[in-house]
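Below: one structure, written as structure tokens.
Numbering (this note's numbering), first residue to last: 1124 to 1719.
Pasting the structure below:
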């Protein structure tokens, strides 16, 4: 099997350079199997003791159009894509050029395409990357019954330095068809792996110690679903919407195994009202949606605030507004989540900082909602929700939700009694001697509807106090590093910020990291303690309107003259892009200090 090669390359047999991480993009038209190959590639990396990340990207069709699996492997945990890809392997070139901005290449990159599928698109070729044309489909036809994507899997795995045994194990583990097909595709895998040996020069992972302890291969949506079940959720009602649907698909069978249930509602309005009803009946409940669905749920979330019924709403954010960009990520629902309800309506808003953290943060959201009898909104996003990562096995424990309930025949029972903590015992329907009215009208402590100014002020204070005075502990944010400069961020951007700050520190510009997990209530006093000694603040986020920056300026006394680094999706922030911005910001701050 001969390869047709353009551009200079090292002589056959030359050693491939070692790298701390390797980035691979597998691309092609719908039906070419790039996502299947990408998933197996990541599974093989896990079996080889590596960490990894796979980000899914697709065209505007959501299903059936061009697609790409964007992968990065390393011997350390990964929460962000790198600046450039080492390998772009395309099964065909049909509309793959649409991903040019998402698959940045450099002169050291390698581009492989099918020799019979045309030339490499100019948008990729002009990067200076080395281009190799291989007869992928002809090679596959020479192995009856195999798929081209399995040959590509062997080729990409071999070029990246993955062990052949790990690739074989990943293929075998995923195979659910006839044995003859498995044999044919194992042959294709071997053929691709063998061809990788003739294409040298691509960076491969540095050798390292084998994995210590078990690791999980999980998506953010799956992690959030598991966290919800750990937290005690036993009822889910939801309407499918990209990119939250996989969370519901995962939870349906998982809930059944623990005695819970999932119901697909006719729309988002029905789903949120169903979970309010379930929670009112004593069952911790959740719904999952995206921005358009969250907008439809506004009135019902306000009902949960007023009636003090705990619910959890997972918002897997996507590009907006309106239908926006359903299959791409953006942190643009923040302002709506913290401020988008009519009236003074305190609610909990949390944001996981990584795919792994989707589990812990969603579990914590359930616990907080139940303990404080309030709605909790969890701001995940498409990047975390639909991406898969190899993570260390999360620790067990943390416990389920604990709700303060009223005992039967409680003397002088008042559902909305004004307690010092703001939390009052909630009677489960059917409990003798604890009948009360629960609805969206303002009410007296007994629950009887009231329009009296005193009752309104008392209940407003109560609902605000229970959130403001709760002890949230250290989980409110990840605090890392020291120095007079601090970078504040939240959500999926955290991984990129962490990597960028490490690069900036290596260049002589260290800064603290404050990655927020609890966005509302904001806790100004706790925030101020975290900022002690800080003279300069930079807020980093992925949206057009600098929503986090504006929110913090309104709620917290930030030191100095705060700066903002923000841009919208769908392109992810890159570590070096952000490191350069941090270095420039640090330099400007030092010059200002010298002038002062």
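For every residue, glycine included, the Cβ atom is placed at its ideal position computed from N, Cα and C.
Every value quoted in this text rests on a predicted model; they were computed, and no experiment measured them.
Sub-9 angstroms separation of residue i and residue j beta-carbons
i            : j            : result
residue 1693 : residue 1337 : no
residue 1159 : residue 1225 : no
residue 1250 : residue 1166 : no
residue 1216 : residue 1243 : yes
residue 1198 : residue 1328 : yes
residue 1539 : residue 1556 : no
residue 1704 : residue 1688 : yes
residue 1275 : residue 1214 : yes
residue 1391 : residue 1415 : yes
residue 1455 : residue 1220 : no
residue 1428 : residue 1398 : no
residue 1411 : residue 1314 : no
residue 1366 : residue 1449 : yes
residue 1623 : residue 1699 : yes
residue 1697 : residue 1617 : no
residue 1750 : residue 1177 : Any answer about residue 1750 is impossible in this case: the structure gives the chain only from 1124 up to 1719.
residue 1350 : residue 1489 : yes
residue 1748 : residue 1477 : With the chain covering 1124 to 1719 only, the question about residue 1748 has no answer from this structure.
residue 1150 : residue 1203 : no
residue 1393 : residue 1385 : no
residue 1231 : residue 1256 : no
residue 1591 : residue 1430 : no
residue 1610 : residue 1679 : no
residue 1496 : residue 1406 : no
residue 1566 : residue 1584 : no
residue 1209 : residue 1142 : yes
residue 1595 : residue 1641 : yes
Three-state class that DSSP yields for residue i in the structure shown
i            : result
residue 1216 : coil
residue 1174 : strand
residue 1208 : coil
residue 1500 : strand
residue 1696 : coil
residue 1252 : coil
residue 1183 : coil
residue 1232 : coil
residue 1612 : strand
residue 1428 : helix
residue 1193 : strand
residue 1387 : strand
residue 1313 : helix
residue 1283 : helix
residue 1347 : helix
residue 1132 : For residue 1132, the predicted structure reports a pLDDT of 39, less than 50, and the residue's modelled location is therefore unreliable. A value from the coordinates is still provided. Residue 1132: coil per DSSP, three-state reduction.
residue 1719 : With a pLDDT of 41 at residue 1719, under the threshold of 50, the predicted position of this residue should be treated as unreliable, and no value is reported.
residue 1737 : Given a span of 1124 to 1719 for the chain in the structure shown, any question on residue 1737 remains unanswerable.
residue 1125 : For residue 1125, the pLDDT reaches just 35, beneath the cut-off of 50, and the residue's location in the model is therefore unreliable, leaving the point undetermined.
residue 1364 : coil
residue 1544 : coil
residue 1707 : helix
residue 1202 : coil
residue 1325 : coil
residue 1402 : helix
residue 1570 : coil
residue 1353 : helix
residue 1619 : helix
residue 1162 : helix
residue 1643 : strand
residue 1549 : strand
residue 1528 : strand
residue 1701 : helix
residue 1302 : helix
8 angstroms contact criterion, which residue i and residue j should meet: CB distance rounded
i            : j            : result
residue 1239 : residue 1260 : 6 angstroms
residue 1500 : residue 1436 : 5 angstroms
residue 1343 : residue 1146 : Residue 1343 to residue 1146, Cβ: 20 angstroms. No contact.
residue 1352 : residue 1381 : 6 angstroms
residue 1211 : residue 1234 : 5 angstroms
residue 1522 : residue 1464 : Wrong, their Cβ atoms sit about 29 angstroms apart, outside the cutoff.
residue 1277 : residue 1326 : About 18 angstroms separates the two Cβ atoms, so there is no contact after all.
Residues that residue i bridges to, as DSSP identifies them
i            : result
residue 1637 : 1602 and 1611
residue 1688 : 1663
residue 1436 : 1410 and 1500
residue 1358 : 1384 and 1408
residue 1257 : 1237
residue 1339 : 1514
residue 1144 : 1197
Item checked: Whole runs of the beta strand (DSSP E) within the segment 1440–1497, excluding any shorter than 3 residues -> 1471–1473
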